[in-house]
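Enquirer:
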Amino acid sequence: MGLAGAVWAQLPVSDFTLAWKHTIEHIRWEEDYRVTAEGLVLGEARVKGTGAGMEIPDDAVLREGSWHYHRQLAPLQPLRLGRTPEAGDYQLCFNQRCHSASEWLGPPKASQPALELWSCELDSPASKGAGKG
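In UniProt numbering, the protein residues as written are 1 to 133.
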């Protein structure tokens, strides 16, 4: 998977969770994605509560303190995210750990208000993340 803001990085993952906190309600939101050749495929999404602009779908199920639901979307290529200092940062969770996007891109900046994620192929396992994206 590739990600970009002011710079780009490549992560050798087949799936990940994108997480963030709502800017007004400060409620955690999570979306699970699978990396495919066609793009990033959204699987399950979870949100801990409702609030301003946070409508829970009618078919959502409350389980373990979060509303769980699925959306039917075409693969996203790229997935474009707003990223500003006022909104805080996104987390990318994979291999049982969560990482702030700042680890790869530095802190959110008003001059770079967006982040794009997309699927890409690695040249080979020996390339250690330096493939085409």
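Every residue gets a Cβ at the ideal spot worked out from N, C-alpha and C, and that includes glycine.
Mind checking GLY129: buried by the 16 CB within 10 Å criterion, or exposed?
Expert: Start at 1 with the first residue of the sequence shown, and residue 129 comes out as number 129. Any answer about GLY129 is weak, because its pLDDT of 41 lies below 50 and its placement is not dependable; what the coordinates show is given next. By the 10 Å Cβ count, GLY129 comes out exposed.
Enquirer: Whose C-alpha, out of ILE24, CYS98, GLY39, HIS26, is nearest the C-alpha of PRO78?
Expert: Within the sequence shown, residue 78 is the residue found at index 78, counting from 1. That would be GLY39, whose Cα lies nearest to the Cα of PRO78.
Enquirer: Could you compute how far the alpha carbon of PRO75 sits from the alpha carbon of GLU44?
Expert: Reading the sequence shown from its first residue, position 75 is the one you call residue 75. Reading the sequence shown from its first residue, position 44 is the one you call residue 44. Answer to the nearest angstrom: the Cα atoms are 14 Å apart.
Enquirer: Given 6 Å as the limit, tell me if GLN91 has its C-beta closer than that to any heavy atom belonging to the ligand SAH.
Expert: The model depicted lacks the ligand SAH and carries no ligand whatsoever.
Enquirer: Does the Cβ of GLN72 have 16 or more other Cβ atoms within 10 Å, making it buried, or fewer, making it exposed?
Expert: Position 72 of the sequence shown, counted from the start, is the residue given in the question as residue 72. When all chains shown are included, GLN72 counts as exposed.
Enquirer: Whose CA, out of CYS93, ALA87, GLN96, lies closest to the CA of HIS22?
Expert: Within the sequence shown, the letter at position 22 stands for residue 22. Of CYS93, ALA87, GLN96, the residue nearest in Cα terms is ALA87.
Enquirer: Check GLU64 in the structure and name its three-state DSSP category.
Expert: Within the sequence shown, the letter at position 64 stands for residue 64. In the structure shown, GLU64 sits in coil (DSSP, three-state: anything other than H, G, I, E or B).
Enquirer: Less than 8 Å between the CB atoms is what I'm expecting for TYR90 and LEU11, so what's the real figure, rounded?
Expert: Reading the sequence shown from its first residue, position 90 is the one you call residue 90. Reading the sequence shown from its first residue, position 11 is the one you call residue 11. About 13 Å; that fails the 8 Å criterion.
Enquirer: Given that a residue counts as buried once 16 or more other Cβ atoms are within 10 Å of its Cβ, and exposed if not, what is SER119?
Expert: Position 119 of the sequence shown, counted from the first residue, corresponds to residue 119. Buried is the call here.
Enquirer: Let me know the secondary structure DSSP gives LEU73 once reduced to three states.
Expert: The count along the sequence shown starts at 1 and reaches residue 73 at position 73. Here LEU73 sits in coil by DSSP.
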